[in-house]
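First up is the structure itself, then whatever we jot down about it.
Numbering (the working numbering), first residue to last: 1077 to 1214.
Quick look at the structure:
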């Protein structure tokens, strides 16, 4: 048996609308789902992945199948991009999103990375990275 990839992840958020707006500034697409019983779910999409957004104040009532200790601000996520980091740095500056570190070299799952780091409204650490091929020195 082999796990191939992952489909989605969940972020527990304090302010749903603020989180949606933040991730839209990063170029993600918001989608709302409504179940047959009227419950709404929200997610943001990028590439072939999605991040479900669970409002902290609805954990245990509307959201019952959740992590054992859901909390906001505990995630550390690396997003890969082919766009130059300078372009991202300009976009972040436009939206007044501070870069807390970088560009810095890091080791990813398969490639070396050149990364910048930011935080989302809940304090989650977000890494935006370019792949670096072995032996690249630029």
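We treat Cβ as the ideally placed atom computed from N, Cα and C, and that holds for glycine.
- Within the region 1107 to 1173, the runs of alpha helix (DSSP H) at least 4 residues long that lie entirely inside it are, in chain order, 1161 to 1170.
- The C-beta distance from residue 1196 to residue 1190 rounds to 21 Å, too long to fall under 8 Å, and the pair is not in contact.
- Close CB contacts of residue 1142 within its chain, under the 7 Å cut and outside five residues either way in sequence, are with 1130 and 1135 (chain order).
- Between residue 1209 and residue 1183, the C-beta gap is not smaller than 8 Å, which leaves the two residues out of contact.
- The region 1078 to 1087 and the region 1139 to 1155 touch, with no fewer than 3 CB-CB distances between them shorter than 8 Å.
- For residue 1096, the uninterrupted alpha helix (DSSP H) segment begins and ends at 1092 to 1101.
- In terms of Cβ geometry, residue 1198 and residue 1095 form a close pair [threshold 8 Å].
- Counting C-beta atoms within 10 angstroms of its own C-beta, residue 1098 has 16 or more neighbours from the protein chains shown and is therefore classed as buried.
- Residue pairing for residue 1200: DSSP places it in no beta bridge.
- CA-to-CA, the gap between residue 1174 and residue 1164 works out to about 11 Å.
- Under the DSSP definition of a beta bridge, residue 1089 partners with 1131.
- By the 16-neighbour rule on beta-carbons within 10 angstroms, residue 1206 is buried.
- For residue 1188, the enclosing beta strand (DSSP E) begins and ends at 1188 to 1195.
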